[in-house]
Amino acid sequence: MSGSRALFALTAREWRRFARQPSRVVATLGTAAALWGFLAGGFAGALGDGESPGYALFLLPGVAMMAVTFGAIFGAISLIQDRQAGFLQSALASPAPLWSVVGAKLLAVATIAGAQAFLILLAAPALGARPGPLGLALGALGTLSASVGVGGVSLALAWRIDSTEGFHGVMNLLLMPMWLLSGAFFPADSAHPVLRAAMAVNPLRWTTDAVRAAIEHGRFDAHAWIGAAAFAALGAGAALAVKPRPATTHGARA
Numbered sequence: 103m104s105g106s107r108a109l110f111a112l113t114a115r116e117w118r119r120f121a122r123q124p125s126r127v128v129a130t131l132g133t134a135a136a137l138w139g140f141l142a143g144g145f146a147g148a149l150g151d152g153e154s155p156g157y158a159l160f161l162l163p164g165v166a167m168m169a170v171t172f173g174a175i176f177g178a179i180s181l182i183q184d185r186q187a188g189f190l191q192s193a194l195a196s197p198a199p200l201w202s203v204v205g206a207k208l209l210a211v212a213t214i215a216g217a218q219a220f221l222i223l224l225a226a227p228a229l230g231a232r233p234g235p236l237g238l239a240l241g242a243l244g245t246l247s248a249s250v251g252v253g254g255v256s257l258a259l260a261w262r263i264d265s266t267e268g269f270h271g272v273m274n275l276l277l278m279p280m281w282l283l284s285g286a287f288f289p290a291d292s293a294h295p296v297l298r299a300a301m302a303v304n305p306l307r308w309t310t311d312a313v314r315a316a317i318e319h320g321r322f323d324a325h326a327w328i329g330a331a332a333f334a335a336l337g338a339g340a341a342l343a344v345k346p347r348p349a350t351t352h353g354a355r356a
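Per our numbering, the sequence shown starts with residue 103, numbered consecutively.
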């Protein structure tokens with residue numbers, strides 16, 4: 103089987119799997135909507151004045167990044183489940199090249215998580231923003247690049263972790279702080295100097311800034327997009343550089 107055929111076949115399998123699990127959509131979008139509603143209602147007017155888009159709109163890109171984070175976590179957990187079920191070992195033993203198996207996981211995670219995050223951004227016009235076609239296109243590209251970055255890092259770790267419990271622990275230690283310090287809730291300028299320094303080197307913050315500029319103002323923030331592209335490249339490189347280990351006697355393991 104050629105690499106491209108295997109890539110698209112395995113990606114389609116992940117999408118079919120996603121379609122059979124509506125609870126994933128409910129968990130991701132429902133949690134995002136609830137969090138946005140609580141924070142927007144509780145801190146309405148906390149940012150800006152009457153002429154600004156308001157805190158509800160400010161939160162929207164950060165909530166979209168939460169959907170990206172959740173989508174990446176679900177996708178990486180599916181890799182662990184495939185390994186435990188023996189499917190992943192069978193795929194790796196097939197004639198399909200390794201890059202197509204790994205790439206299919208990354209492509210599926212990125213497109214599924216990115217699509218869910220973009221659905222959240224579509225609420226921007228209802229909040230008073232006028233992103234226009236360019237802003238929406240940049241928003242879609244931003245959620246996709248964030249999904250590649252976060253998804254790639256998640257998958258690279260999932261290849262090395264044996265259980266979903268262990269993976270959850272690592273994700274709580276790594277991804278949740280990244281999201282909280284992404285500028286989702288407060289701008290870096292108003293943060294404590296220590297937090298401001300952490301936010302300055304947080305790759306997810308760059309993507310959040312790029313999406314916020316696109317959605318709120320229909321603007322291309324070149325500086326933020328350089329960081330967002332670098333993060334996507336890092337995530338893709340981390341995912342594609344993995345060298346799956348052989349199965350052990352304790353269970354199917356790739």
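We put the CB at the ideal spot given by N, CA and C, even for glycine.
When burial is assigned at 16 or more other CB atoms within 10 Å of the CB, is residue i buried or exposed?
i: A338; result: buried
i: W201; result: exposed
i: E153; result: Only weak support is given to the placement of E153: the predicted model assigns it a pLDDT of 44, under 50, and the question is left unresolved by the model.
i: D291; result: exposed
i: P305; result: buried
i: G244; result: buried
i: A193; result: buried
i: D151; result: Caution is warranted here: a pLDDT of 48 is assigned to D151, below 50, making its placement in the model unreliable, and no coordinate value can be reported.
i: L277; result: buried
i: L275; result: exposed
i: A142; result: buried
i: H352; result: With a pLDDT of 44 at H352, under the threshold of 50, the modelled position of this residue cannot be trusted; read the value that follows with caution. Exposed: under 16 other Cβ atoms inside 10 Å.
i: A134; result: buried
i: F287; result: buried
Within the continuous alpha helix (DSSP H) that includes residue i, where are the two ends?
i: Q183; result: 157-187
i: F220; result: 200-223
i: W281; result: 266-282
i: F140; result: 133-144
i: P233; result: Segment: none, P233 is in no alpha helix (DSSP H) and carries neither H nor E.
i: P197; result: Unbroken run through P197: none, as it is neither H nor E.
i: S106; result: 105-121
i: F363; result: Because the chain in this structure spans residues 103 to 356, residue 363 falls outside the shown range and cannot be described.
i: A290; result: From DSSP, A290 is part of no alpha helix (DSSP H); its letter is neither H nor E.
i: A226; result: Where A226 is concerned, there is no enclosing alpha helix (DSSP H), given that its DSSP letter is neither H nor E.
i: T309; result: 305-319
i: A129; result: Note, A129: premise wrong, no alpha helix (DSSP H); not H, not E.
i: R298; result: 295-302
Taking Cβ positions, are residue i and residue j nearer each other than 8 Å?
i: P233; j: G173; result: no
i: L283; j: R307; result: yes
i: E109; j: A242; result: Note that residue 109 is Leu in the sequence shown, not Glu. Cβ atoms of L109 and A242: not closer than 8 Å.
i: M273; j: S247; result: no
i: L161; j: W138; result: yes
i: I182; j: F269; result: yes
i: A219; j: V296; result: no
i: T310; j: G285; result: yes
i: V204; j: A111; result: no
i: G156; j: G237; result: no
i: A312; j: A326; result: yes
i: A226; j: I317; result: yes
i: A195; j: G105; result: no
i: L131; j: L223; result: no
i: F189; j: L240; result: no
i: M54; j: A293; result: No answer is possible for residue 54: the residues shown for the chain start at 103 and end at 356.
Contact criterion: CB-CB distance below 8 Å. Does residue i meet it with respect to chain D?
i: V128; result: Among the chains in the structure shown there is no chain D, since it carries only a single protein chain.
Is the region 155-168 in contact with the region 202-212, if contact means three or more CB pairs nearer than 8 Å? As far as the Cβ criterion goes, the region 155-168 does not touch the region 202-212, which means the pair count is below three.
Please confirm if the region 322-335 is in contact with the region 247-265, defined as three or more CB-CB distances below 8 Å between the two stretches. In short, these stretches touch, since the Cβ pair count reaches three.
Would you check if the region 173-193 and the region 257-267 touch, i.e. whether three or more CB-CB distances between them fall below 8 Å? Judged by Cβ distances under 8 Å, the region 257-267 makes contact with the region 173-193, as three or more pairs qualify.
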